[in-house]
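Here the working numbering is used: the first residue of the sequence shown is 1, the next is one more, and so on.
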Amino acid sequence: MPDSKIIEADLGNTEHAKAVSALIQDFASDPMGGGTPLSGESARALIPGLSAHPTTLVFLALREDQFVGIATCFIGFSTFAGKPLINIHDLYVRDNAQGQGLGRELIEAVSAKARSIGGCKVTLEVQGNNHRARAVYHSAGFEQAVYEKSAGSTLFLSKPV
Numbered sequence: 001m002p003d004s005k006i007i008e009a010d011l012g013n014t015e016h017a018k019a020v021s022a023l024i025q026d027f028a029s030d031p032m033g034g035g036t037p038l039s040g041e042s043a044r045a046l047i048p049g050l051s052a053h054p055t056t057l058v059f060l061a062l063r064e065d066q067f068v069g070i071a072t073c074f075i076g077f078s079t080f081a082g083k084p085l086i087n088i089h090d091l092y093v094r095d096n097a098q099g100q101g102l103g104r105e106l107i108e109a110v111s112a113k114a115r116s117i118g119g120c121k122v123t124l125e126v127q128g129n130n131h132r133a134r135a136v137y138h139s140a141g142f143e144q145a146v147y148e149k150s151a152g153s154t155l156f157l158s159k160p161v
């Protein structure tokens, strides 16, 4: 199996910034990312916006010196645990690199970062029909969020503003 490496991206590094832009554009174009490329305006705002956001963390997966995966994350705070958490906002591995463990490696890098900042958990959201990703997440220790069993599972909602 080819060599792989996970790095924490430096958005001030042109090579890293280009990789982040390309991978997010690929993910947005994928059916599991919405199936629509980023608009020109969104694409231009991506790196400056991520750079300006105070809790941004981005991890890049390299295979044979090619950027093939990304985990875009944000540090949050658990009010119930009184500790930081990291939310994986985007997790994407290019088709030609899937099935080689890179998703798990990205998750482990995020988990290690969460431990290093005294975090209590890593969170993410996934489409219900993304069975392949759900299997990876389950094997990495993620479970459906449930706070009160009788209430059922937690839902993630979104409202455009």
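Ideal placement from N, C-alpha and C gives every residue a C-beta, glycine not left out. Quantities reported herein were computed from a predicted structural model and do not represent experimental measurements.
- By DSSP's assignment, Val122 forms a beta bridge with Ile86.
- In this structure, the beta-carbon distance from Phe59 to Ile7 falls below 8 angstroms.
- In the DSSP assignment, Lys5 is bridged to Leu62.
- For Phe80, same chain residues with a beta-carbon under 6 angstroms away, outside a window of 5 residues either side, do not exist.
- Counting only residues of its own chain and dropping the five nearest sequence neighbours on each side, Ala133 has a CB closer than 6 angstroms to the CB of Val126.
- When DSSP reads this structure, Ala22 sits in no beta bridge, so it has no partner.
- For Tyr137, same chain residues with a beta-carbon under 8 angstroms away, outside a window of 5 residues either side, are Ile107, Leu124 and Val126 in chain order.
- The criterion of a C-beta distance shorter than 8 angstroms is satisfied by Leu46 and Leu38.
- Straight-line spacing of the CA atoms in Ser78 and Lys121 works out to 9 angstroms.
- Tyr92 is positioned such that its CB atom lies no closer than 8 angstroms to that of Gly128.
- In this structure, the straight-line span from the alpha carbon of Thr72 to that of Ile88 is close to 6 angstroms.
- A residue is called buried when at least 16 other Cβ atoms come within 10 angstroms of its Cβ; Arg44 does not meet this threshold and is exposed.
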